[in-house]
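Residue numbers (the numbering used here): 19 to 198.
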């Protein structure tokens, strides 16, 4: 049976060991708390009916070719005898036409003039917050950022000849990559 002095020494050693473990954990937590950027949610839209990061990884892992013929639901007017078959194929986001303008407070005219990338970014940004368990309204005024990859597409008609009536005023912001 250990003496009382040996029990005190053993307890002190155990306390010092636990103290060191807690100090290291505190250091880890302090470093993590000072990280300037944290990825807490992701969302995406890609050809091949990819609407989640998990689906993207599945598509890549399976080596799936996401190239398809031109979609018929885009209202693209084919001229000079061209057809989807003669135009070839491309990478098209299947849900690009499913935008709920009213949900995002966008007028129907503005939605028509918006580059589809802007519509998809609104949807995916909202989804990324939801996937992270964050109520989108709760980040208003906070130091929260949504980071996006996009390119300039010159979406919409350049001349006013074939524009639907009333969308002219929305073309500038509807086509600016900086608005995305």
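All C-beta atoms, glycine included, are put in the ideal place defined by N, C-alpha and C.
- Between the alpha carbons of residue 87 and residue 49 lies a distance of about 50 Å.
- DSSP places residue 82 outside both helix and strand once states are collapsed to three, so it counts as coil.
- With contacts defined by Cβ atoms closer than 7 Å, residue 84 and residue 65 form a contacting pair.
- Taking C-alpha positions only, residue 20 is separated from residue 32 by approximately 16 Å.
- Membership of residue 137 in the alpha helix (DSSP H) is indicated by the continuous run 134-149.
- Residue 147 counts as buried, since no fewer than 16 other beta carbons sit within 10 angstroms of its beta carbon.
- Burial check for residue 157: the Cβ neighbour count within 10 Å stays below 16, so the residue is exposed.
- Around the beta carbon of residue 107, a 10 Å sphere encloses fewer than 16 other beta carbons of the protein chains shown; the residue is thus reported as exposed.
- Within 10 angstroms of the beta-carbon of residue 42 lie fewer than 16 other beta-carbons, which makes it exposed.
- In the pairwise beta carbon analysis, the segment 137-151 is classified as touching the segment 57-64: at least three pairs are separated by under 8 Å.
- The C-beta distance from residue 168 to residue 139 rounds to 7 Å, short enough to fall under 8 Å.
- Closest in alpha carbon position to residue 91, among 116, 71 and 73, is 116.
- Excluding the 5 residues flanking it on each side, residue 134 has same chain C-beta neighbours closer than 6 Å at 114, in chain order.
- DSSP, reduced to helix, strand and coil, places residue 26 within a helical segment of the structure shown.
- In the structure shown, residue 87 falls within a strand segment according to DSSP collapsed to helix, strand and coil.
- Contact between residue 137 and residue 185 does not hold, since their C-beta atoms are separated by about 14 Å, which reaches or exceeds 8 Å.
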